[in-house]
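Numbering (my numbering), first residue to last: 39 to 302.
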């Protein structure tokens, strides 16, 4: 008998990501994502688009869960979902019982960072920390400590955000397509566009590697072992070649949403 499916929705700043996931059967396993999709947050009818996707792929989730960092779009999906497919519940953030948050302002930590941490807790070994790199509109590098608590991290702009800012906040610089960063550009840009691609790619790669090195050193100093490194987010393919120790989990946030649902 197939495992029951859960619809998980993660509403970001640029895209609404959704997946049909199986419910985890063991305490250490992550839910499997059997199908996924993404639509822009600017979509006029996001709930209908997600409903159409379920129907097209003949997916029949028994329940739905939604979370994320874009309250207006979350509200639009919830309003438009009434009467569709399955009940849809808003998960504002993981409970304190599920994830201890040791930051100084726990209520202001983005839910996506916390969902990632809940999922990453199932990937780390006992006594070891987890380092999570999530690269989308923003790029975050977060640390889950050896006790499984969210310890904090760093937030910086993502590839697309930097490319847009360079174009929109200057008089003459063109907008560079982030898709042109694969394969990695030559570091010596010999025209304006090539120079932007070099700075965009190698600048963010360098920033992430520096943060990874510094946060890993903190973890090793405390735990006497290296943290497990987990990579996710829409821009993760750009970073993966430069982080050879990282495990790629494309649906980590959706998996964290499922794991953060209250027990029935």
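Backbone N, C-alpha and C fix where the C-beta goes; we use that ideal spot for every residue, glycine too.
With distances taken between CA atoms, residue 73 lies nearest to 44 out of 276, 44, 53. Residue 198 sits buried, since 16 or more C-beta atoms from the chains shown fall within 10 Å of its C-beta. Within 10 angstroms of the beta-carbon of residue 95 lie fewer than 16 other beta-carbons, which makes it exposed. Residues 49, 54, 79, 84 of the same chain have their beta carbon placed closer than 7 Å to that of residue 111, with the five preceding and five following residues left out of the count. Following the DSSP letters along the chain, one finds residue 296 inside the alpha helix (DSSP H) bounded by residues 290-297. The alpha-carbon separation between residue 268 and residue 229 amounts to approximately 35 Å.
Cβ contact annotation for residue 285 (same chain, cutoff 6 Å, sequence separation greater than five): 268, in chain order. One Cα belongs to residue 86, the other to residue 51, and the distance between them is close to 19 Å. Boundaries around residue 155 are those of the alpha helix (DSSP H), 149-158, since no beta strand (DSSP E) includes it.
If you draw a straight line from the Cα of residue 103 to the Cα of residue 192, it is about 27 Å long. For residue 53, the enclosing beta strand (DSSP E) has its first and last residue at 53-60.
Counting every other CB atom within 10 Å of its CB across the protein chains shown gives residue 226 a total below 16, marking it as exposed. Listed in chain order, the non-local C-beta contacts of residue 205 below 7 Å within the same chain comprise 211, 212, 213, local neighbours out to five positions each way being set aside. Note: residue 178 is bridge-paired with 172, 193 in the DSSP secondary-structure output. Burial is judged here by how many other beta carbons sit within 10 angstroms of a residue's own beta carbon; residue 105 has at least 16 and is buried.
DSSP places residue 47 inside the beta strand (DSSP E), whose first and last residues are 43-49.
Taking the Cα positions, residue 42 is about 7 Å away from residue 100.
Counting along the chain, the unbroken alpha helix (DSSP H) around residue 118 starts and ends at 109-119. Taken through DSSP and simplified to helix, strand or coil, residue 244 comes out as helix. Judged by DSSP in its simplified three-state form, residue 77 adopts strand. Taking a cut-off of 8 Å on C-beta distances, the region 154-169 does not touch the region 234-246, as fewer than three cross pairs fall below it. In the structure shown, the three-state DSSP call for residue 199 is helix. Exclusion of the five residues before and after residue 295 leaves 46, 48, 103, 105, 129, 153 as the residues of its chain whose Cβ lies within less than 7 Å of its Cβ.
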